[in-house]
Amino acid sequence: GAGVSQSPRYKVAKRGQDVALRCDPISGHVSLFWYQQALGQGPEFLTYFQNEAQLDKSGLPSDRFFAERPEGSVSTLKIQRTQQEDSAVYLCASSFPPSGSGNTIYFGEGSWLTVV
Amino acid sequence: AQTVTQSQPEMSVQEAETVTLSCTYDTSESDYYLFWYKQPPSRQMILVIRQEAYKQQNATENRFSVNFQKAAKSFSLKISDSQLGDAAMYFCAYRDNAGNMLTFGGGTRLMVKP
């Protein structure tokens, strides 16, 4: 696609509900990242994929957060038993080369999650 | 761990004037990359400019330029001839040469007055 596409753009979830956020990276991009951005703060790293391999998940805040990219393209971030502190914008980003360079990382417009 | 600090939560500039946004970072690495991203209300992060740490020359992109002081670990963004469309959140970000992730600062909200 022309850019990184995320869906849904907006999601309101009741506390305790499970949610799934989808990211469709730029076609051919090897690297895929998920970030969490709370209101008034900078984005914080959650996890990184190179193709289908999840190489870094050190930023996932709890075991309620799970991410996958089974075919090395589309990725899903799943949050189980959502809590109010999970309310944030979830940004997906992709880049073509693998890690270890200053290549440009392209961001999507994010999925805005509100937990009520 | 690397940290990025933006000490100015908000800045204001008159249209057509120049403004400088500050950023400092902490790292023990010698080879890394620094970025400035713009985030409009749509929330999409747009790359404004980037600097390779091994390059002494400051990066420039049209009206945007940086003042990179490696020894001081400082990376400020200068916006010349400010335009109304420059109003947004600006984030400074760091990425080391071997790392995968960007580390962001807390952001600076830039307002442009007509």
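Sequences listed follow chains A and B, in order. Take the first sequence: its letters are residues 1 to 116, numbered as in the working numbering. Take the second sequence: its letters are residues 1001 to 1114, numbered as in the working numbering. Cβ atoms here follow ideal geometry from the backbone N, Cα and C, with glycine treated the same way. For clarity, every value in this text was computed on a predicted model and none was experimentally measured.
Of all the CB atoms in chain B, is at least one closer than 9 Å to the CB of residue i?
| i | result |
| --- | --- |
| A:Glu52 | no |
| A:Ser73 | no |
| A:Thr104 | yes |
| A:Phe118 | This structure cannot settle anything about residue 118 of chain A, because the visible part of chain A is limited to 1 through 116. |
| A:Gln37 | yes |
| A:Phe107 | yes |
| A:Phe96 | no |
Which two residues bound the contiguous beta strand (DSSP E) that contains residue i?
| i | result |
| --- | --- |
| A:Lys11 | 10–13 |
| B:Thr1065 | Looking at the sequence provided, one finds Ser at residue 1065 of chain B rather than Thr. It spans 1064–1069 - the beta strand (DSSP E) in which B:Ser1065 sits, taken as one unbroken run. |
| A:Ile105 | Looking at the DSSP string, A:Ile105 is not in any beta strand (DSSP E), and its letter there is neither H nor E. |
| A:Cys23 | 19–24 |
| A:Ala45 | Note on identity: in this sequence residue 45 of chain A is Phe, with Ala being the wrong assignment. Where A:Phe45 is concerned, the enclosing beta strand (DSSP E) stretches over 44–50. |
| A:Gln6 | 5–7 |
| A:Ser27 | No beta strand (DSSP E) contains A:Ser27, which DSSP labels as neither H nor E. |
| B:Val1112 | 1108–1113 |
Comparing the C-beta of residue i with each C-beta of chain E, is any distance below 9 Å?
| i | result |
| --- | --- |
| A:Leu113 | Protein chains in the displayed structure are A and B, and chain E is not among them. |
If you run the structure through DSSP and keep just helix, strand and coil, what is residue i?
| i | result |
| --- | --- |
| B:Leu1084 | helix |
| A:Gln37 | strand |
| A:Asp63 | coil |
| A:Asp86 | helix |
| A:Glu71 | coil |
| B:Ser1030 | coil |
| B:Gln1014 | strand |
| B:Met1045 | coil |
| B:Tyr1054 | coil |
| B:Val1004 | strand |
| B:Met1101 | coil |
| B:Arg1095 | strand |
| B:Ala1072 | coil |
| A:Ala93 | strand |
| B:Val1019 | strand |
Taking CB distances under 9 Å as the criterion, tell me whether residue i reaches chain A.
| i | result |
| --- | --- |
| B:Thr1024 | no |
| B:Thr1060 | no |
| B:Gln1006 | yes |
| B:Arg1063 | no |
| B:Asn1067 | no |
| B:Met1101 | yes |
| B:Phe1104 | yes |
Counting only Cβ-Cβ distances shorter than 7 Å, please list the residues of the stretch 1036–1047 of chain B near chain A, keeping chain order. Ser1042, Arg1043, Gln1044, Met1045, Leu1047
For the stretch 78–93 of chain A, list every residue whose C-beta sits within 8 Å of some C-beta in chain B, in sequence order. Per Cβ criterion, the list reads Val89, Leu91, Ala93.
Inspect the CB distances between the stretch 1093–1103 of chain B and the stretch 1022–1029 of chain B and report whether three or more fall short of 8 Å. yes
Three Cβ pairs or more, each shorter than 8 Å: is that satisfied between the stretch 1062–1079 of chain B and the stretch 1008–1027 of chain B? yes
Near-chain B residues of the stretch 5–31 of chain A - C-beta to any C-beta below 8 Å: Per Cβ criterion, the list reads Ser31.
Is it the case that the stretch 17–35 of chain A contacts the stretch 71–80 of chain A, given that we only count it when at least three CB pairs across the two stretches are under 8 Å? Contact holds between the stretch 71–80 of chain A and the stretch 17–35 of chain A, because three or more Cβ pairs, one in each stretch, are under 8 Å apart.
Residues, ordered as in the chain, of the stretch 56–69 of chain A that lie near chain B by beta-carbon distance below 8 Å: Taking 8 Å as the Cβ-Cβ cut-off against chain B, the residues of the stretch 56–69 of chain A that qualify are Asp56, Gly59.
Pair every Cβ in the stretch 1003–1010 of chain B with every Cβ in the stretch 47–55 of chain A, then say whether three or more of these pairs are closer than 8 Å. no
Counting only Cβ-Cβ distances shorter than 7 Å, please list the residues of the stretch 1078–1091 of chain B near chain A, keeping chain order. Phe1091
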